[in-house]
Amino acid sequence: KEGTKISFSDFMSAMTQKMAEDSKEEIMKAFKLFDDDETGKISFKNLKRVAKELGENLTDEELQEMIDEADRDGDGEVNEQ
Numbered sequence: 005k006e007g008t009k010i011s012f013s014d015f016m017s018a019m020t021q022k023m024a025e026d027s028k029e030e031i032m033k034a035f036k037l038f039d040d041d042e043t044g045k046i047s048f049k050n051l052k053r054v055a056k057e058l059g060e061n062l063t064d065e066e067l068q069e070m071i072d073e074a075d076r077d078g079d080g081e082v083n084e085q
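Structural data, given as structure tokens:
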């Protein structure tokens, strides 16, 4: 409403929350591009397909290192959460 004022800290808090929500949404969109088989996980096969589509010449070892780096539960895949 016109003429209503908020403090700078309230403004920053609101903007920080909005940006966090936007980035979560963007991350989920990107995740779904990789997870084309809709398993809720990014497998080596998913990562290799996307790398090839993007024209990235990564070795299987490099791709596996990427999976290993992001694999939090040790199942060999990157989970959605």
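Take the position in the sequence shown, starting the count at 1, then add 4; the result is the number in our numbering.
C-beta atoms are modelled at their ideal positions from N, C-alpha and C, and glycine is treated no differently.
Query	Result
Residue(s) in a DSSP beta bridge with V82	I46
Closest Cα partner of N83 within the set V54, G44, E69	G44
Sub-8 Å separation of L51 and I71 beta-carbons	yes
Outcome for E42 when other beta-carbon atoms lying within 10 angstroms are tallied against a minimum of 16	exposed
Residue interval of the alpha helix (DSSP H) (run including K9)	K9 -> no alpha helix (DSSP H), and no H or E assigned at all.
Own chain partners of V54 with C-beta closer than 6 Å, once the 5 adjacent residues on each side are dropped	F38
Candidates I10, Q85, G7, G80, of which the one nearest Q68 by Cα	G80
For D64, the first and last residue of its enclosing alpha helix (DSSP H)	64 to 74
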